[in-house]
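For the sequence shown, UniProt numbering gives the first residue as 1, with consecutive numbering after it.
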Amino acid sequence: MTEETLKQPTPILHRKKADLVYEYLREQIINGTYAPGQRMTLADLSQELGLSHMPVREALLRLEREGLLASEPHKGMRVVSLSLKDAEELFEIRCELEGLSAFRAATSGDTELVDDLLSINGDFADAYGRHDFTAMGSANWMLHRRMLQAAGSAQLTRVLEDHWTSSARYRSGYQLIPGRAQQTIIEHDAIIAAIRDGDADAARLAARRHIQLAGSDLAIIVAKKAEH
Numbered sequence: 001m002t003e004e005t006l007k008q009p010t011p012i013l014h015r016k017k018a019d020l021v022y023e024y025l026r027e028q029i030i031n032g033t034y035a036p037g038q039r040m041t042l043a044d045l046s047q048e049l050g051l052s053h054m055p056v057r058e059a060l061l062r063l064e065r066e067g068l069l070a071s072e073p074h075k076g077m078r079v080v081s082l083s084l085k086d087a088e089e090l091f092e093i094r095c096e097l098e099g100l101s102a103f104r105a106a107t108s109g110d111t112e113l114v115d116d117l118l119s120i121n122g123d124f125a126d127a128y129g130r131h132d133f134t135a136m137g138s139a140n141w142m143l144h145r146r147m148l149q150a151a152g153s154a155q156l157t158r159v160l161e162d163h164w165t166s167s168a169r170y171r172s173g174y175q176l177i178p179g180r181a182q183q184t185i186i187e188h189d190a191i192i193a194a195i196r197d198g199d200a201d202a203a204r205l206a207a208r209r210h211i212q213l214a215g216s217d218l219a220i221i222v223a224k225k226a227e228h
């Protein structure tokens with residue numbers, strides 16, 4: 001291998017493209033832009049994204065390994081349908097973990113936490129006004145991540161992050177569930193108010209209720225789709 005070969009940047013550039021495609025497609029699946037059961041072909045996606053097949057193929061295979069896509073012989077891939085049983089179990093677990101995160105955040109003494117959460121929820125509301133579902137998803141993630149950061153528990157962080165990864169497919173898609181975005185803003189406000197008041201028990205209850213309601217809304221959508 002020559003020195004000139006070592007200097008070639010192509011693999012790094014390709015890796016960045018594949019990562020960007022993966023992150024983009026993953027978010028579109030999670031927020032409901034690509035609906036459960038929808039077919040996704042390499043040719044169509046490459047044309048849509050204006051990229052060669054290679055980074056798109058790599059992203060699709062990664063999403064398949066993650067369980068978000070399933071391959072179909074001679075047909076490309078399709079977005080995996082939602083499972084009611086899996087959704088109910090995952091939201092039940094997440095309910096307890098998010099409640100603990102909010103409880104610990106409320107007792108953390110983090111003086112910047114409330115302002116940060118209010119700002120993030122404001123970003124969520126702005127994104128809702130623009131019908132920007134990707135930005136809504138990002139703001140929602142940031143708010144829960146900020147509470148977990150304030151909670152200050154390495155063990156809780158590890159467990160909740162693992163759960164977020166396994167339950168990403170069942171994050172409430174704001175396009176799939178009518179009214180969920182508006183309710184999310186209200187539910188976030190309730191959590192923030194409890195944290196601002198230093199009421200850890202109320203923060204836990206508000207966080208648990210937020211996840212329970214999101215799970216119930218999603219369960220209705222999953223059940224309806226299962227009927228068809």
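Beta carbons: idealized from backbone N, C-alpha and C, even for Gly.
Backbone CA spacing between residue i and residue j [nearest angstrom]
i: V222; j: D201; result: 31 Å
i: L51; j: D199; result: 51 Å
i: M54; j: E27; result: 20 Å
i: R196; j: L113; result: 9 Å
i: L84; j: S166; result: 15 Å
i: L42; j: D115; result: 44 Å
i: V79; j: I93; result: 24 Å
i: K16; j: E89; result: 35 Å
Helix, strand or coil at residue i [DSSP, three-state]
i: S71; result: strand
i: H53; result: helix
i: I177; result: coil
i: A35; result: coil
i: S101; result: helix
i: H210; result: helix
i: K215; result: Checking the displayed sequence, the identity of residue 215 turns out to be Gly instead of Lys. G215 falls in the helix class under three-state DSSP.
i: S138; result: helix
i: D197; result: coil
i: E64; result: helix
i: S119; result: helix
Supposed contact pair residue j and residue i - C-beta distance, whole angstroms, cut 8 Å
i: S81; j: G129; result: Actually they do not touch by this definition, with Cβ atoms about 31 Å apart.
i: S108; j: A150; result: 4 Å
i: T184; j: F124; result: 7 Å
i: R146; j: L117; result: 6 Å
Beta-ladder partner(s) of residue i, from DSSP
i: residue 239; result: With the chain running from 1 to 228 in the structure shown, residue 239 is simply not present.
i: M40; result: M77
Inset, instruction - Assess, as a yes-or-no matter, whether the stretch 174-192 is touched by the stretch 200-217 under the definition of 3 or more beta carbon pairs within less than 8 Å. - result: yes
Legend entry - contact_flag[the stretch 96-110, the stretch 58-67] where n(CB pairs < 8 Å) is 3 or more: The stretch 96-110 vs the stretch 58-67: no contact.
Legend entry - contact_flag[the stretch 130-148, the stretch 19-36] where n(CB pairs < 8 Å) is 3 or more: yes
Legend entry - At least 3 beta-carbon pairs within less than 8 Å: the stretch 83-99 vs the stretch 154-164: yes
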